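For the sequence shown, the residue numbers in our numbering are 318 to 387. Below: one structure, written as C-alpha cells.
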Amino acid sequence: MENFTLKEGEEYIELKNLIKLLGWVDSGSEAHALIDNQEIKVNGAIETQRRKKIRRGDVVVFGNNKAEVK
Numbered sequence: 318m319e320n321f322t323l324k325e326g327e328e329y330i331e332l333k334n335l336i337k338l339l340g341w342v343d344s345g346s347e348a349h350a351l352i353d354n355q356e357i358k359v360n361g362a363i364e365t366q367r368r369k370k371i372r373r374g375d376v377v378v379f380g381n382n383k384a385e386v387k
C-alpha cells in the first residue's frame, strides 16, 4: 500500500487530484473516466464524486493500486 501525505495545513485533497498525484493516470480526463466508470473505491465503497474530499485515514483503491492518505 502506498502512503500519500497531505501538506501541513491541508485538510483534504480532491479525489481526481489524488489519483493524478499518485501517478495512477496521466491526465485529469483519465481520472474523470476512472471515477465515472466506477473503478475507484474510497474506504471500500465505489466513489462517483470527482471532487470527493479525501482526508487523512481514507483509503483509495484502483485495481491492484491502494493508497492511504496520511
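Think of the CB as a built atom: it goes at the ideal place given N, C-alpha and C, for glycine as much as any other residue. For clarity, every value in this text was computed on a predicted model and none was experimentally measured.
Suppose you measure from the CA of residue i to the CA of residue j; what does that come to, to the nearest Å?
i: residue 343; j: residue 337; result: 6 Å
i: residue 352; j: residue 345; result: 11 Å
Buried or exposed: which applies to residue i, given that a residue is buried once 16 or more other Cβ atoms fall within 10 Å of its Cβ?
i: residue 363; result: exposed
i: residue 348; result: buried
i: residue 324; result: exposed
i: residue 369; result: buried
Are residue i and residue j closer than 8 Å when you measure CB to CB?
i: residue 358; j: residue 318; result: no
Let me know the secondary structure DSSP gives residue i once reduced to three states.
i: residue 356; result: coil
i: residue 324; result: coil
i: residue 369; result: coil
i: residue 319; result: strand
i: residue 337; result: helix
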